[in-house]
Each structure stands twice: as structure tokens, then as C-alpha cells.
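Numbering (the numbering used here), first residue to last: 1182 to 1820.
The structure appears below as C-alpha cells.
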């Protein structure tokens, strides 16, 4: 009796149409090549498409046929079974739930049998699993008969992905004391076999990461808790995916997504597209990890990030700085602001734990993560306070972290807030010096730096004013460096900044440097500044007068205090709430104090050139004009 007769006797397939259609796809004679009969497979697909209600019976019989072939050790027929599954998945993706349970049952048994005996069969089964994940929508995750089978298959692929320990650094790979199961201690054939199994496992996990159901499933947390440790176990510090400074991580990630979608759409995905090697396996694992981070929804972000830190904690990976840097940097490169907030929160939580043994390593890795700011729900003060608490224990690493913090904010208007927090909480000259070193390098005044072609946008006095107290601080070296940095900035844009700088600059030990600062930044408020310096630093005031006289500029005498107050010259005589009045007794205009605001009609009359009895205008605390009369056009230009 032939093999087909044996199957018919066992399965009673002669009585039902769908069973006959399935059997005809298999080889009919002994010795035939184990490939599906194309014409019969096409007819089976046509039948399934036009009678989708029969898909459940077709899949049920296909599973029965597979188990019968497995009991007779007909391994070649398994390839035909998988080919039928591939055709049904491609032809009937909308009706996948009808035969999903039987398909997963077959795949689970095939993967279990092929893992140790047939890498080629394992590769074919993985291709089927990739197709299944591309079309499955997660609608059966609550099915008590399907969910355990699918989770078992996910567990199986996780086990395949970590079939052997992977070295996390080149030194471990070359070590003569490597584990007997590590690639360094196996012959070439054994290593290739292990790589093929690992590659199949990683491609299966990658298929789950790219699946449309992962973050909409009720079992999302269980899936990610299984996937992420298996992916991280395959990363190597030598891998540079996601860390290249020459291309955008998000651009590369989008290109990878497009490539994966294109291969899946054309149904030609193969797990052997790339050369086998630890670096290639690490690249696949990192691509899948970045996909998980990038595709996570707002409610599922924690399900992705928390397992990453749990893996680093449980496996003592904090001591491996290159590995930790690779994981955090690659994750941050493709993450959104909410995701980065969770990452930064996890880092700060560990730094705030007194018993955390790897603070030095974590602080050294933090500046290399390229963490973008600001983060949600975590303020600059939270970050600075955390660093300050660790300053006594890890001064060098905290100094570098502060330099990183300054660099992150150097291109934004938030630099002033960052400097204000640092100078208010830190008094150690070494830590403050590290912050100044970063600013000096960016401004081009450090010994080993060159001036930038264009001044940085933060190099202005209203961003650097938190550094003023360093000018008359106890450390003379910091005072000189701060003065040099401020001298590099453009002149102070407001009188308030100039007058705030004057008393600090007057206390500089270097009188010439003090005069240089005053001449650059306080030239717009000479009378008010001299009035203050005459009482607080008369020697500097005298030197400044002499300097201006040498340059041919007359030094106006300081205005009396009563005159300053009545004219509203500078904020020394007028508070921030002081308003100034503009009235028109003749054809000219004059300023005086007033407590009421202008009306719309008065302002429109001035703009139209009509006579106005009086016009009050709020000029702000920094407005300073000499006593006298001005034309209307001049006043409006000032306003």
C-alpha cells in the first residue's frame, strides 16, 4: 500500500472534499520530491477563498495530516504542510482567525522538532511565523485555547534566540577562558549551526516586534517581558547600529521599517538574507529593540523601557559601560519625549538609591546617552539636585554630568535656568569649572578650541547673568575665566543687566579686567553705574573715568539721586512697576511720572497726529532718557 493509501485509510479522507484537496497537494508517489503540487495548491487556495467557512475544517485536517506524517517520520512532508499554511495565510489574511489555532499548533510542533535536528526546516517554519505575525490582529489573545499555544511559541523563539551565550565585548570573545558553549570554543560547523538557530529565533522575535497587534493586545506586557531580555542578550558593544553620527537614527529606522514591510508584502522574507555572525545577529536584535521602542504607544511605553532596566539590573550589566551605553543610546535615539522621560526617571531613581552599587558607571554613561531635553514631569532642578546629592561621592563623574547638562541646554534659551540652578546649588570650584570649560569650548576661548564662525545663540548677557556672582567669588581662577567669557559676549542689551554686572565686576582683583567689562557692558548707563561705583568701588570708578577720558569720551558726572528718581533714569531710581507719562502741552513731548495707563483713544490720537492733552505710556523698568524734549516721531520710534 502506498503512502497516500496509508493516509486515506487513517484519515478517512475519501468522504470529504476539503481533505481530498489537501491530500492532493502532497507528493502522490514514493520518491517524489517533497514539494507541493502547484495546480492542486492553487485549487485548494481557490476553494478556501470562495468558501471561507471551510477554512477551519481545512486547517483541522491539515493538522491531523501533519501529526500522521510526524508519527511516520516523514520530515519532507512537513515542508509541504508549511507551504500550504503560507498559501492560506497569504490568500485569506482577513479570515486568519478561522485557522490560527491549528496553524500555531503545527508551527509549535515543527519548531520544537526542528530546533535540534533540522535548521533548514526551522528556517521554513520561521518564514511561516513571520507571515502569520504580519497578518494577525491580536483578536484571539483572549481565547483560552489559542493564547497558551501562542505564548508557548513565543517562549520557544525566545529560547532559540539565546541558544548559546553571546559575548558582549570583543575581549570576552577572544578570552581563552570562554564558556564551552560560546562561539570562541566551538568548531566552525558547530558555530554556524548555533548561529542559524539563533538567527531563526531573532527573526521570529523581530516578526513579533513588527506585528500590528503587539501594542494593541491585552497581553502586551507579557510579550515585551519575554522579547526584550532575549533581544538584549544578543547585543554586542561592538555593534554601531543607532549610534552613527553621520546619519539620523530615525531616518535609518524608517528605512528599516520600509524594507521589512516591502519584503513581507512580496512574501520573500528569508531568515538567511544576511551573513551569519555575531555582529549581524546583534544588528538584527538591535533593530527589533529599536522597533519596539519606536512603535510603543503611550500606554505601553513602560512595558518596553522597564524590562530593559530590569535586564541591566538582574544581569549585572552596569559594570559593562560600552554595553550600557549602546543599549541606552540606541534606545534614546528612536524614542519620543515621553519615552525619554521614563528612561531619565529610571536613571535618576537608581542614582537616588543609597545602596545602588553602580553609580559611578551610570554617571559616566549618562553624558554619552544623548538624552534630549526637556523631559515631561522631570525638571532641570530634579536633575541638578540628583547630581548634587552624588557630588561628594563621585565628584569627577558628577562634573562630567554637569558639563553634559550644560551642553544639552547650550543651544536653547533654557541655559540661563540651568546655570541658575547649578550656581545656586553647587559651590565646589571644580564642579563649576567643568561647566565653564564647556561654555569656553563652545565659545571658542578655551586653549584647545577655535572660535566658531558664528557666535552661539546662548552667548548673550541675558543668558549668562547667573555667572555674575562668580566674578567676586572666593575662587580667583573662576573669576578670571568668568570675566573672559562675559567679555566675549555682546554688550548687555538692557540697563538692568549692566547695573547688575557693575558691582560684581568692580570687585575683580584685576582692575584692568574690571574696567574692560564695565566699558563693554555698562557704557549705556554710565551715570547710574558711576553713582553706584563711587560708593562701592571708588578705585574702579576712577579707573573707568580715566579709561574713557583716554579714549576721548567725556565722562558725564553721576546724576543726583533726586534727579534720577524724578526722571526715571534706570531701575536704580524707579521700580519695575513705575509708569511714565507722556503729555503734549505744545508741539513737543516730555516725560513725567504717572500712575495711570493710556487709553485707546489717546493712543490713536497720537498716531493720527491730532493734539492730545496728555498721553501716559508704560516704558518698563529699563527705560532711561535724559531730561529734555523730544519730537513725536522720536518718541514713537523709542516705544
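Cβ atoms here follow ideal geometry from the backbone N, Cα and C, with glycine treated the same way.
Computed from a predicted structure; not experimentally measured.
- Beta-bridge pairing by DSSP links residue 1626 to no other residue.
- Judged by DSSP secondary structure, residue 1252 falls within the alpha helix (DSSP H) whose first and last residues are 1236-1252.
- The alpha-carbon of residue 1408 is positioned some 7 Å away from that of residue 1339.
- The beta carbon of residue 1659 lies closer than 8 Å to those of 1610, 1613, 1614, 1617 and 1651 in the same chain, with the five residues before and after it left out.
- Of all alpha-carbon atoms in 1331, 1279 and 1262, the one lying nearest the alpha-carbon of residue 1305 is that of 1262.
- In the structure shown, the three-state DSSP call for residue 1534 is coil.
- Between residue 1462 and residue 1383 a beta carbon distance of about 6 Å is seen, short of the 8 Å cut, so the two are scored as contacting.
- Between the C-alpha atoms of residue 1710 and residue 1564 there is a straight-line separation of about 37 Å.
- With contact defined as three or more Cβ pairs closer than 8 Å, the region 1542-1549 and the region 1514-1521 are not in contact.
- The continuous alpha helix (DSSP H) containing residue 1257 extends over residues 1256-1272.
- For the region 1484-1554, the full-length alpha helix (DSSP H) segments reaching 4 residues or more read 1502-1514, 1518-1532 and 1540-1546 along the chain.
- When only Cα atoms are considered, residue 1570 and residue 1284 end up about 56 Å apart.
- For residue 1344, the closest C-alpha among the options 1323, 1308, 1296 and 1204 is that of 1296.
- In this structure, DSSP gives residue 1212 a state outside helix and strand, which the three-state scheme calls coil.
- With contacts defined as CB atoms closer than 8 Å, residue 1279 and residue 1217 fail to qualify as a contacting pair.
- The Cβ atoms of residue 1603 and residue 1583 sit closer than 8 Å to each other.
- Contact between residue 1221 and residue 1239 fails: their C-beta atoms lie close to 13 Å from each other, not under 8 Å.
- For the set 1484, 1485, 1532 and 1470, the Cα lying nearest the Cα of residue 1499 is the one of 1532.
- Taking a cut-off of 8 Å on C-beta distances, the region 1196-1204 does not touch the region 1252-1259, as fewer than three cross pairs fall below it.
- Residue state for residue 1585 is assigned as helix, using DSSP reduced to three classes.
- Distance from residue 1699 to residue 1667 at the Cβ level is roughly 11 Å; contact not present, criterion being Cβ atoms closer than 8 Å.
- A distance below 8 Å separates the beta carbons of residue 1418 and residue 1504.
- The alpha-carbon separation between residue 1578 and residue 1416 amounts to approximately 26 Å.
- Straight-line spacing of the CA atoms in residue 1682 and residue 1552 works out to 34 Å.
- Secondary structure of residue 1595 (DSSP, three-state): coil.
- For residue 1232, there is no enclosing alpha helix (DSSP H), as DSSP gives it neither H nor E.
- About 4 Å separates the CB atoms of residue 1703 and residue 1679; that is less than 8 Å, so the two are in contact.
- Secondary structure at residue 1404: helix, using DSSP grouped into helix, strand and coil.
- In the structure shown, residue 1323 falls within a coil segment according to DSSP collapsed to helix, strand and coil.
- Selection 1249, 1389 and 1246 evaluated against residue 1310 yields 1389 as nearest (Cα-Cα).
- About 6 Å separates the beta carbons of residue 1391 and residue 1472, which is inside the 8 Å limit, making them a contact pair.
- With 16 or more other Cβ atoms inside 10 Å of its own Cβ, residue 1575 counts as buried.
- The continuous stretches of alpha helix (DSSP H) do not include residue 1705, and DSSP gives it neither H nor E.
- Counted as a single uninterrupted DSSP element, the alpha helix (DSSP H) harbouring residue 1461 occupies residues 1459-1476.
- One alpha carbon belongs to residue 1320, the other to residue 1250, and they sit about 31 Å apart.
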